[in-house]
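Okay, so the sequence shown: first residue is 1 according to the numbering used here, each after it adds one.
Below: one structure, written as structure tokens.
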Amino acid sequence: MTATLTPPAAGPAASARAGAVPRRRTRLFALPEVRWAAAATALFLLPLPLQLAGAPAWIWGPLYALSYATGGWEPGWEGLKALKDRTLDVDLLMVVAALGAASIGQVMDGALLIVIFATSGALEALATARTADSVRGLLDLAPATATRIAADGTEQTVPVTELAVGDTVLVRPGESVGADGLVLDGASEVDQASITGEPLPAAKEPGDEVFAGTLNGTGALRVRVERDASDSVIARIVRLVEEASETKAPTQLFIEKVEQRYSLGMVAATLAVFGVPLAFGEAFSEALLRAMTFMIVASPCAVVLATMPPLLSAIANAGRHGVLVKSAVAMERLGQIDAVALDKTGTLTEGTPRVVDVRPLREHGLDKADLLTLAAAAEHPSEHPLARAVVDAARERGLDLPTAEDFTSSPGIGVRAVVGGRTVEVGAPARLLAEAEAEAEAEAESKVEVEVEAEVEAESKVEGEVGGEAKCAADAKADGGADAEGVVSALVRELEEAGRTAVLVVVDGTPAGVLGIADRLRPDAAATVAALTVLTGTAPTLLTGDNPRAAAHLAAEAGVEDVRAGLLPQDKVGAVRELEGAGYRVMVVGDGVNDAPALAAAHIGVAMGRAGSDLALETADAVIVRDELAAVPATVALSRRARELVVQNLVIAGVFIAGLVVWDLAGTLPLPLGVAGHEGSTVLVGLNGLRLLRDSAWKRAAEGTG
Numbered sequence: 001m002t003a004t005l006t007p008p009a010a011g012p013a014a015s016a017r018a019g020a021v022p023r024r025r026t027r028l029f030a031l032p033e034v035r036w037a038a039a040a041t042a043l044f045l046l047p048l049p050l051q052l053a054g055a056p057a058w059i060w061g062p063l064y065a066l067s068y069a070t071g072g073w074e075p076g077w078e079g080l081k082a083l084k085d086r087t088l089d090v091d092l093l094m095v096v097a098a099l100g101a102a103s104i105g106q107v108m109d110g111a112l113l114i115v116i117f118a119t120s121g122a123l124e125a126l127a128t129a130r131t132a133d134s135v136r137g138l139l140d141l142a143p144a145t146a147t148r149i150a151a152d153g154t155e156q157t158v159p160v161t162e163l164a165v166g167d168t169v170l171v172r173p174g175e176s177v178g179a180d181g182l183v184l185d186g187a188s189e190v191d192q193a194s195i196t197g198e199p200l201p202a203a204k205e206p207g208d209e210v211f212a213g214t215l216n217g218t219g220a221l222r223v224r225v226e227r228d229a230s231d232s233v234i235a236r237i238v239r240l241v242e243e244a245s246e247t248k249a250p251t252q253l254f255i256e257k258v259e260q261r262y263s264l265g266m267v268a269a270t271l272a273v274f275g276v277p278l279a280f281g282e283a284f285s286e287a288l289l290r291a292m293t294f295m296i297v298a299s300p301c302a303v304v305l306a307t308m309p310p311l312l313s314a315i316a317n318a319g320r321h322g323v324l325v326k327s328a329v330a331m332e333r334l335g336q337i338d339a340v341a342l343d344k345t346g347t348l349t350e351g352t353p354r355v356v357d358v359r360p361l362r363e364h365g366l367d368k369a370d371l372l373t374l375a376a377a378a379e380h381p382s383e384h385p386l387a388r389a390v391v392d393a394a395r396e397r398g399l400d401l402p403t404a405e406d407f408t409s410s411p412g413i414g415v416r417a418v419v420g421g422r423t424v425e426v427g428a429p430a431r432l433l434a435e436a437e438a439e440a441e442a443e444a445e446s447k448v449e450v451e452v453e454a455e456v457e458a459e460s461k462v463e464g465e466v467g468g469e470a471k472c473a474a475d476a477k478a479d480g481g482a483d484a485e486g487v488v489s490a491l492v493r494e495l496e497e498a499g500r501t502a503v504l505v506v507v508d509g510t511p512a513g514v515l516g517i518a519d520r521l522r523p524d525a526a527a528t529v530a531a532l533t534v535l536t537g538t539a540p541t542l543l544t545g546d547n548p549r550a551a552a553h554l555a556a557e558a559g560v561e562d563v564r565a566g567l568l569p570q571d572k573v574g575a576v577r578e579l580e581g582a583g584y585r586v587m588v589v590g591d592g593v594n595d596a597p598a599l600a601a602a603h604i605g606v607a608m609g610r611a612g613s614d615l616a617l618e619t620a621d622a623v624i625v626r627d628e629l630a631a632v633p634a635t636v637a638l639s640r641r642a643r644e645l646v647v648q649n650l651v652i653a654g655v656f657i658a659g660l661v662v663w664d665l666a667g668t669l670p671l672p673l674g675v676a677g678h679e680g681s682t683v684l685v686g687l688n689g690l691r692l693l694r695d696s697a698w699k700r701a702a703e704g705t706g
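Okay, structure coming up:
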């Protein structure tokens, strides 16, 4: 769910308004895994052309040896430590297989295996570090200091960590709220999209709750601290993300689920192939050659390639179509989901408020263009998101905006300006109607007083009649104002029931019309919901921090029936865990800071990339870079196709391995033929997996979800 409501201005306030987390990114080569993997790759690429060109082994051999050392020492060391704990790590098995290949002359094959595993470890370390960066950076949403009001009324600037429950703090216009608390005094509008995901700032008055890290609007607030900094909503989001990441089931590819048994079986079999013939009198060199041949043909190279090429090809294909899937594990998991939870603002919707209704009152005589022109001209100097929506609507319609004079803004009420000699007010209907009613009553009372004075001072009947006419005119205007108020109230209710935010336009003290503002549904939202329902067999659930009325209206448009509104971040996590407790593998699609804990807790998390917060982008397993919602079901379908190819490749690899192993054990498998068969199966499963690189694979996946 997005927190970006307006184009950000410069400075820290703009950053907070956008809900962006300041970047504390770990440098790529600050990670030792990345440095060792890069060195191993370079030392592999240097001798490769020399070997292929027929250069002497003494030239390229040492470079390959260095590649083995740089890329293999760390997984080898970790494997030895695991062996100490009586666990056979597949990385150690790969290092042994690589050394075994080198011992019988297959130096390049072994080096390639080392490079693959070193690169995989580096990517995993980088992903872990970047996620940790974003979690730590989330704390920067809350300001470092706050203005505390002492008992004697003096103001003190103190670190937020020193604030205690019961303290009173002053939040000036444009500042971030320093602590969770209740408003004691003042009125303003607070952008709290980073916490609740609401697309529009929330009006705050005495008694309302505010959250640390949210951005205050144009009014000043006095807030009583209700929670310690360590227990604020922002701090709890950090803990939720960390806990969800730690408790999430270990990410394993399909083949890794049997790695222990396969590894132990292969080691035991290799020793048996070497030891048993040796015990029965076979020559040492022949027994060793048979055992090394067995290790080569039984090594899981083809099995590893059976798994990786389809998934990596699917990742590459999705990337070309605007979907960044961060790992093969994530691509595999996408195809396993059977339930989907969708965020609202910025995911199903565009995340930006827009004018969708212009309703002039016929009694005032303005048409839609005139009403929108006056409202936009009055709102033009304002930085409020609703004001930006009104101005943008006027510009989209090509309306010329006159210059506004005497502009004033009242927090929680609206704006007032003089446009073309007419006084224009734009703001909250209830507040403006109350002001208009009070002004009408005051004017009526004033005219009655004039009438009384006229009657007392009148010297003729004509003068008395004039006074009576004044009273009638005042009464008529008051009655007309009451009728107009009733029409406006009915119109406001109609718009709000349709999920709009109503904005009243008053011209020269008389209601002139109402604007309806809403966050627009993405054009492909309904089709995406339908496609996900077909793919998973379960209708998606809507999880949002927005109000229930707006959520229900949008859900009806998108075709979602299960709506859960008014949720804080921990509530979204609870909803995900509830679905998982019912036996579902849940995919969460969101884009905001408040979605990050749910993204981390889900079986798979997908973030909308264009307006997504840094934390959501780093926490998610996949990112929809172009914000094309229809890419979500297409990627799920592509993942399922990749899983099908993985199964095909495992069958192919298993048949080759079994055939070559039986040949080696039952007869005499020539080493060159064994290597050829092993490499042939590896190439075959690799090419089969690469079929998903074709654009037609994405097209079929997208069409299959429609």
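Even glycine gets a Cβ: it sits at the ideal position worked out from N, Cα and C.
Predicted, not measured: the structure shown is a model, and the values here were computed from it.
Shown here, residue 270 sits in a helix according to DSSP, grouped into three states.
In summary, residue 376 is buried, with 16 or more beta-carbon neighbours lying within 10 Å of its beta-carbon over all protein chains present. Going by C-alpha positions, residue 262 is about 48 Å away from residue 522. DSSP lists no beta-bridge partner residue for residue 275.
Sorting 421, 615 and 95 by C-alpha distance to the C-alpha of residue 80 places 95 at the top.
Runs of alpha helix (DSSP H) with 4 or more residues, each lying fully within the region 542-595, are found at 548-558 and 569-581, listed in chain order. Between residue 206 and the set 617, 213 and 222, the nearest pair of CA atoms involves 222. Between residue 211 and residue 180, the beta carbon gap of about 5 Å places them in contact (Cβ cut-off 8 Å).
Rounded to the nearest whole angstrom, the CA to CA distance from residue 373 to residue 417 is 13 Å.
In the DSSP assignment, residue 335 falls outside any alpha helix (DSSP H), carrying neither H nor E. Between residue 542 and the set 328, 343 and 676, the nearest pair of CA atoms involves 343. The C-alpha of residue 631 is placed about 28 Å away from the C-alpha of residue 548.
DSSP places residue 518 within a strand segment (E or B) once states are collapsed to three. Of all alpha-carbon atoms in 103, 126 and 616, the one lying nearest the alpha-carbon of residue 30 is that of 126. DSSP, reduced to helix, strand and coil, places residue 208 outside both helices and strands of the structure shown, so it counts as coil. Proximity to residue 316 across 669, 536, 622 and 69 peaks at 622, based on C-alpha coordinates. By the C-beta criterion, the region 646-657 is judged not to be in contact with the region 340-356, since fewer than 3 inter-stretch pairs fall below 8 Å. The residues 541, in chain order, have a CB closer than 6 Å to that of residue 562 in the same chain once the five nearest residues on each side in sequence are set aside. One Cα belongs to residue 551, the other to residue 567, and the distance between them is close to 11 Å. In terms of CA proximity to residue 370, 394 leads the group 659, 383, 394 and 108. Bridge pairing for residue 216: 190 [DSSP]. The way I'd put it, the region 142-156 doesn't touch the region 49-67; fewer than three beta-carbon pairs between them come closer than 8 Å. Straight-line spacing of the CA atoms in residue 275 and residue 287 works out to 8 Å. Residue 426 and residue 379 do touch by the CB rule: their CB atoms are close to 6 Å apart, below 8 Å. From the listed residues 434, 411 and 403, the smallest Cα separation to residue 423 is found for 403.
Sequence-distant partners of residue 598 (beyond 5 residues in either direction) whose C-beta falls short of 6 Å from its own C-beta, in its chain, are 572, 573, 576 and 588. Residue 616 sits close to residue 591, with the two beta carbons spaced by under 8 Å.
For residue 363, the closest of 189, 487 and 115 by C-alpha to C-alpha distance is 487. DSSP, read as helix, strand or coil, puts residue 280 in coil. The residues 206 and 222, in chain order, have a CB closer than 7 Å to that of residue 185 in the same chain once the five nearest residues on each side in sequence are set aside. Nearest to residue 414 by alpha-carbon distance, out of 290, 357 and 428, is 428.
Residue 281 counts as exposed, since fewer than 16 other beta carbons sit within 10 angstroms of its beta carbon. Counted as a single uninterrupted DSSP element, the stretch harbouring residue 165 is not any alpha helix (DSSP H), since DSSP gives it neither H nor E. The Cβ atoms of residue 646 and residue 307 lie closer than 8 Å to each other. Taken atom to atom, the span from the alpha-carbon of residue 313 to that of residue 289 is near 36 Å.
One thing to note: residue 690 has its Cβ within 8 Å of the Cβ of residue 309.
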